Amino acid sequence: MLRWIRQQLGFDPPHQSETRTVYVANRFPQHGHYIPQRFADNRIISSKYTIWNFVPKNLFEQFRRIANFYFLIIFLVQLMIDTPTSPVTSGLPLFFVITVTAIKQGYEDWLRHKADNEVNGAPVFVVRSGSLVQTRSKNIRVGDIVRVAKDETFPVDLVLLSSDRADGTCHITTASLDGETNLKTHYSVAETSVCQSVSQLEALQAVVECQQPEADLYRFVGRITVTQHGEEIVRPLGPENLLLRGARLKNTKEIFGVAVYTGMESKMALNYKCKSQKRSAVEKSMNTFLIIYLGILLFEAILSTILKYAWQAEDKWDEPFYNQKTEQERNSSPILKFISDFLAFLVLYNFIIPISLYVTVEMQKFLGSFFIGWDLDLYHEESDQKAQVNTSDLNEELGQVEYVFTDKTGTLTENEMHFRECSISGTKYREVNGKLVPEGMTDDSPDGSTLHLVGEELLFLKAVSLCHTVHISYDQPDCLVGGGDPFSHANGFSSNHMEYYASSPDEKALVEAAKRIGVAFTGTSGDTMEIQTFGKTEKYKLLHVLEFDADRRRMSVILQTPSGGQVLFTKGAESAILPFTTSGEIEKTRLHVDEFALKGLRTLVVACRHFSPEEYIDVDRRLNAARTALQQREERLQEAFSYIERDLQLLGATGVEDKLQDKVQETIEALRLAGIKVWVLTGDKHETAVSVSLSCGHFHRTMNILELLQQRSDNECAEQLRILARRIKEDHVIQHGLVVDGASLSLALREHEKLFMEVCKNCSAVLCCRMAPLQKAKVVRLLKTSPEKPITLAIGDGANDVSMIQEAHVGIGIMGKEGRQAVRNSDYAIARFKFLAKLLLVHGHFYYIRIATLVQYFFYKNVCFITPQFLYQFFCLFSQQTLYDSVYLTLYNICFTSLPILVYSLFEQLVHPHVLQSKPGLYRDISKNSMLSFRTFLYWTLLGFCHAFVFFFGSYILMGEDTTLMGNGQMFGNWTFGTLVFTVMVITVTLKLALETHFWTWMNHFVTWGSIAFYFIFSLFYGGIIWPFLHTQDMYFVFVQLLSSGSAWFAIIIIVITCLFPDVVKKVFYRHLQPTSTQKSQPLSAPQAQDLSCVESLCCYQHGQSGCTRLARLLEHMTGQCKASANNCHASSRSNRSWSDTENFYSNDRSILTLSPIEASRC
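In terms of the working numbering, the sequence shown opens at residue 35 and continues consecutively.
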């Protein structure tokens, strides 16, 4: 009974089978008591809310924020007890913040609902009752036979039953799933591939047994049992038989498949990753400051309550003649009275906690994130890709990065492979004009001749042409211009135009190279692979494919040769092939592989194995048994692969070049000057990785390179680490570099983390090679959780980089050739590594100083706001009388002081972008959260208290003693005094922000002076009219009377100057005696800034190109900002510069960093 209750409550879900049984066409067994399994429907739900749960769920999520929950408590206190201020003063700002956030989140969720409805309502065709029926996607059930036509996306996860091709294959692209645009071939089993009509499918009796849904896109374990003439035929099913939802059908007229995973159980839906919430250092500081201010609030409330009772100890103040207590008040409990008074003071001072801080920060991050996408310097013209922001919560974190972890292939390099060299039977060859030329020989033969390849050389090229997963497209027969096939050459054959597609760029480069040399892969038909060897066609029957995986690091094919024999061709990393070879030139090939790696080439080793008929029968039996297993299929397949891939004959090795991306060296050098340490984490072999590190400037030639390689035991690893630590201390070398491989890293992280970290931190560059994806994430986590808690950034382009991208504080995806998984899982995405420099040094710098000042300023203006209220209690016997009118209390943070700081936080630039790029060292000035340090926080808080004291006592001294300041002798009251303090405060805090602003735009001017003007206009209207809906109107005509007094104007001017003059003196004093690097660089940006309009400052475009859009130009013409002349965005090349002409200056040419001096002062 207890178990049943737990199951109903969801604590103990009922046991679920590890496999699911799907009856094709939902033809369930008629005999026995069969109970159909329950499966999810085919609706995709990406939305967060429904119309029923939006209000409670959204409110629950918003009130999890400490500030919102705090203000809710204050609002409830105001409703329950008699407090000095109206509940509206807390309720209205809270309602405003909650409503704005709810509208934003509701709109975003409505867009998700809209997208879901489009997907779920898409028309699809299913086979039901012997005919093809059109229905909606959401109505598909597990077991339905679905028809998909060419160029349509698959609406569910389908097991392929048949296609319009005789062999039952189809081609698909999975670009929306993993970004790979190459064609992939999927297969149906022979028994179902013949069912190409609806009637044949209706008669099909088949059952699919497969694993329960899981997120891995590349894993599927199942089997299909087809009943024919009373006999059950069992066939294995793998990933090659499964068509995933979201993939698209290509080069195939139509297919039929049976739905196995639907809706939220499809692999695409299971990969909707809810990324772990990353919090920036600024957000953590903000929460710390909130707690400190909460402490100040409690202190003020407790002190006021104690002082109230101390004051009321005298009878004359406890119950004066003009305020007699009621009988109920005399008999009330002292404890309850104390609590009530404490809560009343808490309500009175509660505005010291800035409720609008969160909503302003959210708006700043959201609006500010658009600048990254708008920046044409981060736009890659060749691929037509601009920078993209996946999360705006981490903008300021870009200005705090201390460690960059980068992948090599596709991130530092282009991931464009070119065949360069190979080693065959111990002899090195290179490709010259489509021919293999042995090392030391030149290509002197006439064009018509062929290099005669025989024996092992030919076998090597055949292995390269046959051992792969390349597909061919014949879609472009007319694209050849000039009558020539670009692949035809002197080696004697010509073929139709065909284009190779491969998931691996290495494979494509090798197959294309073999084609140029004379051994061309011409296609696959069913299970037959065809090659042309110098014009002669050969057909091989494909018996088995042993797929590549990260553990084995190799892939193999088993073929039947034209002569009838069976052969295995395998290729992979040298560490995965050479240990299993028993014949061939092993040592010579090993040396050649090391030589290729030293040149920075990517290496693969090729080998083969010939089977006797008896051996092949054994191999075939083992593979089929492993592939049809439903339990532990992967482990059994690994055992079978290990049994097969041994006793290999070594054929040779290949060397493929991966070109470095543009400006990688300059970018890494800029990051190093900015104080950022760069670690390269790659799966390549040691020699290749070191060579690329040297060529890209990650390692310098003068750097002392330390190695932690091939460690086999904990003790050996610890000893080597101690030796390295000793060498670092003893060697008087400025910079050290460390190279560590995956195996040694595993040992170092297991027992000797502290020692390993000590060595790493003393090295200016670290290179980790032979790394598995999870090891990359482990290294990032190790740095992240070290005692210093540095801010980490990971950048990569492939699926193998996703784990480290998600682990780092900031994850950046490169829009490369290895798919879009890295981009989808990243926080930011850029097209090239070189863009990282501007992203960090410029955007990161700006975002950080803007939001740091925003946070400090918010706390400052709220201290200024509430401290006079606290001081006023000393003059009103702690009676909880409010100093300000409730409308002013409500609108201070919402209207009077909100816009200037928002505009400042969007447009402020301490230094011009050019200077930030040319002087990367300025990035160090803001490192380690320096602008939100406790010292800076203390300065802003004390400044707020000082200004508040000046507001209050300045007004008191100037007006408190003589209240007859009106011309008619009329006296001022407490509301006039409070309004004077409030007026001085609004003007001072607004002008304080103006003093902090370095980069003035027309918007800054508009909101700064506009806010002050709005306050005066609003106060005149509010106090000048009797509003019928207000119960009391204490402020009637108060503001008009205040402004009619010359003494009040004199007091306002004197107090504002008294507050701000010391601040100006301090700034001038520090700027001349102790200037920071940033302040020293500010004069450099002045000449450029003079010719730069405010709208152009949002994005600096290349070659001085104007950033004015039509709207921007219209605004600037209206405000007189844009000049009519063409020189507005092109400063004269003869314009004066305040920096030396000999100083290196990085030009801003969309590519970020070049080392040429700028000739013109321009955007």
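Where is the CB? At the ideal position from N, CA and C, for every residue including glycine.
As the structure is a prediction and not an experimental result, all values here were calculated from the model.
For a test of the three-state rule: what should DSSP assign to residue 345, helix, strand or coil? The residue given as residue 345 occupies position 311 in the sequence shown. Three-state DSSP puts residue 345 in a helix.
Cβ-based neighbour list, residue 102, same chain, cut-off 8 Å, excluding 5 preceding and 5 following: Start at 1 with the first residue of the sequence shown, and residue 102 comes out as number 68. Within the same chain, residue 102 has close Cβ partners 96, 128, 131, 132, 389, 392.
Bridge partners - residue 576, DSSP secondary structure assignment: The count along the sequence shown starts at 1 and reaches residue 576 at position 542. BP columns for residue 576 point to 593.
So, under 8 Å CB-CB, residue 440 and residue 726 are touching, yes? Tell me the CB distance rounded to an integer number of Å. Start at 1 with the first residue of the sequence shown, and residue 440 comes out as number 406. Start at 1 with the first residue of the sequence shown, and residue 726 comes out as number 692. No, residue 440 and residue 726 are not in contact; Cβ-Cβ is about 11 Å, not under 8 Å.
Three or more C-beta pairs below 8 Å linking the stretch 98-116 and the stretch 162-169: No contact exists between the stretch 98-116 and the stretch 162-169.
Is the number of C-beta pairs between the stretch 730-748 and the stretch 698-709 that are closer than 8 Å three or more? In short, these stretches touch, since the Cβ pair count reaches three.
When DSSP labels each residue in this structure, what does residue 142 get in the three-state scheme? Translated into positions along the sequence shown, residue 142 becomes position 108. In the structure shown, residue 142 sits in a helix (DSSP, three-state: H, G or I).
Need the endpoints of the beta strand (DSSP E) that residue 738 sits in, please. In the sequence shown, the residue the question calls residue 738 occupies position 704. According to the DSSP assignment, residue 738 belongs to the beta strand (DSSP E) that extends over 738-742.
Three or more C-beta pairs under 8 Å: does that hold for the stretch 423-433 against the stretch 875-891? Yes, they touch.
In whole angstroms, give me the CA-to-CA distance for residue 245 and residue 177. Here residue 245 is taken as the residue at index 211 of the sequence shown, counted from 1. Here residue 177 is taken as the residue at index 143 of the sequence shown, counted from 1. Distance from the CA of residue 245 to the CA of residue 177, rounded to the nearest whole angstrom, comes to 15 Å.
State yes or no: is the C-beta of residue 686 within less than 7 Å of the C-beta of residue 456? Residue mapping note: residue 686 aligns to position 652 of the sequence shown, counting from 1. Residue mapping note: residue 456 aligns to position 422 of the sequence shown, counting from 1. In this structure, residue 456 lies closer than 7 Å to residue 686 by Cβ.
Name the residue from 954, 190, 948, 182 whose alpha carbon lies nearest to the alpha carbon of residue 197. For this step, residue 197 is matched to residue 163 along the sequence shown. The residue with the shortest Cα to Cα distance from residue 197 is 182.
Select from 659, 762, 839, 867 the residue whose C-alpha is nearest the C-alpha of residue 411. For the purposes of this step, residue 411 is identified with residue 377 of the sequence shown, where counting begins at 1. The option with the nearest alpha carbon to residue 411 is 867.
Apart from the five residues just before and just after residue 52, which ones in its own chain have a Cβ nearer than 6 Å to its Cβ? Looking up residue 52 in the sequence shown gives position 18. Same-chain partners within the cutoff: there are none.
Who does residue 157 pair with in a DSSP beta bridge? The count along the sequence shown starts at 1 and reaches residue 157 at position 123. Residue pairing by DSSP puts residue 157 in a beta bridge opposite 170.
6 Å Cβ shell around residue 671 - same chain, five flanking residues per side excluded: Residue 671 sits at position 637 when you count from the first residue of the sequence shown. Listed in chain order, the non-local C-beta contacts of residue 671 below 6 Å within the same chain comprise 660, local neighbours out to five positions each way being set aside.
Roughly how many whole angstroms lie between the Cα atoms of residue 737 and residue 771? For the purposes of this step, residue 737 is taken as residue 703 along the sequence shown, with counting starting at 1. For the purposes of this step, residue 771 is taken as residue 737 along the sequence shown, with counting starting at 1. For the pair residue 737 and residue 771, the Cα-to-Cα distance works out to about 6 Å.
Would you call the stretch 141-154 and the stretch 74-86 in contact, with 3 or more CB pairs under 8 Å? Output reads yes: the stretch 74-86 touches the stretch 141-154.
Measuring straight from C-alpha to C-alpha, what distance separates residue 913 and residue 966? Here the question's residue 913 lines up with position 879 in the sequence shown. Here the question's residue 966 lines up with position 932 in the sequence shown. Those two C-alpha atoms are separated by around 37 Å.
Could you check where the alpha helix (DSSP H) with residue 713 kicks off and where it finishes? Reading the sequence shown from its first residue, position 679 is the one you call residue 713. For residue 713, no alpha helix (DSSP H) run applies; the uninterrupted beta strand (DSSP E) run containing it begins and ends at 711-715, by DSSP.
Please tell me whether residue 563 and residue 576 are closer than 7 Å, where the distance is taken between their beta carbons. Stepping through the sequence shown from its first residue, residue 563 is reached at position 529. Stepping through the sequence shown from its first residue, residue 576 is reached at position 542. Yes, the Cβ-Cβ distance between residue 563 and residue 576 is below 7 Å.
Is residue 585 buried or exposed, if buried means 16 or more other CB atoms sit within 10 Å of its CB? Sequence index remark: in the sequence shown, residue 585 carries index 551 (1-based). So residue 585 ends up on the exposed side.
Residue(s) in a DSSP beta bridge with residue 270: Residue numbering aside, residue 270 sits at position 236 when the sequence shown is read from its first letter. Assignment of beta-bridge partners to residue 270 by DSSP yields 257.
Touch test, the stretch 1035-1043 against the stretch 956-966, Cβ-Cβ under 8 Å, three pairs minimum: In the pairwise beta carbon analysis, the stretch 1035-1043 is classified as not touching the stretch 956-966: fewer than three pairs are separated by under 8 Å.
Alpha carbon to alpha carbon, what distance is there between residue 413 and residue 442? Your numbering for residue 442 matches position 408 in the sequence shown. Your numbering for residue 413 matches position 379 in the sequence shown. Taking the CA atoms as reference points, residue 442 sits about 21 Å from residue 413.
To the nearest whole angstrom, what separates the beta carbons of residue 1022 and residue 1094, a pair I think is in contact under 8 Å? In the sequence shown, counting from the first residue as 1, residue 1022 sits at position 988. In the sequence shown, counting from the first residue as 1, residue 1094 sits at position 1060. Separation of the CB atoms of residue 1022 and residue 1094 is rounded to 7 Å, and the pair is thereby assigned contact status at 8 Å.
Would you decide whether residue 636 is buried or exposed? Buried here means 16 or more other CB atoms lie within 10 Å of its CB. The count along the sequence shown starts at 1 and reaches residue 636 at position 602. The residue in question, residue 636, is buried, as its Cβ has 16 or more Cβ neighbours within 10 Å.
Does any heavy atom of the ligand NAP sit closer than 6 Å to the C-beta of residue 592? The ligand NAP is not part of the structure shown, which contains no ligands of any sort.
Which residue's Cα is closest to the Cα of residue 228: 247, 207, 260? Locating residue 228 in the sequence shown gives position 194, where the first residue counts as 1. Residue 260 is the option with its Cα nearest to residue 228.
Please tell me whether residue 83 and residue 91 are closer than 7 Å, where the distance is taken between their beta carbons. The residue given as residue 83 occupies position 49 in the sequence shown. The residue given as residue 91 occupies position 57 in the sequence shown. Yes; because the gap between Cβ atoms is below 7 Å, this pair is in contact.
Within 10 Å of its beta-carbon, does residue 263 have 16 or more other beta-carbons around it, so buried, or fewer, so exposed? Indexing the sequence shown from 1 puts residue 263 at position 229. It counts as exposed.
Checking 7 Å against the spacing of the C-beta atoms, do residue 1089 and residue 988 come in under that value? For the purposes of this step, residue 1089 is taken as residue 1055 along the sequence shown, with counting starting at 1. For the purposes of this step, residue 988 is taken as residue 954 along the sequence shown, with counting starting at 1. At the C-beta level, residue 1089 and residue 988 come within 7 Å of one another.
Measure the Cβ-Cβ separation of residue 136 and residue 208 and say whether it is below 7 Å. Taking the first residue of the sequence shown as position 1, residue 136 is located at position 102. Taking the first residue of the sequence shown as position 1, residue 208 is located at position 174. No. Outside cutoff.
State the DSSP-derived secondary structure class of residue 451, mapped to helix, strand or coil. Indexing the sequence shown from 1 puts residue 451 at position 417. It is a strand residue.
If you drop the 5 nearest sequence neighbours on each side, which residues of the same chain put their C-beta closer than 7 Å to that of residue 375? Residue mapping note: residue 375 aligns to position 341 of the sequence shown, counting from 1. Contacts found: 339, 342.
Residue 718 and residue 642: beta carbons closer than 7 Å? Locating residue 718 in the sequence shown gives position 684, counting from the first residue. Locating residue 642 in the sequence shown gives position 608, counting from the first residue. Going by beta carbons, residue 718 and residue 642 fall outside the 7 Å limit.
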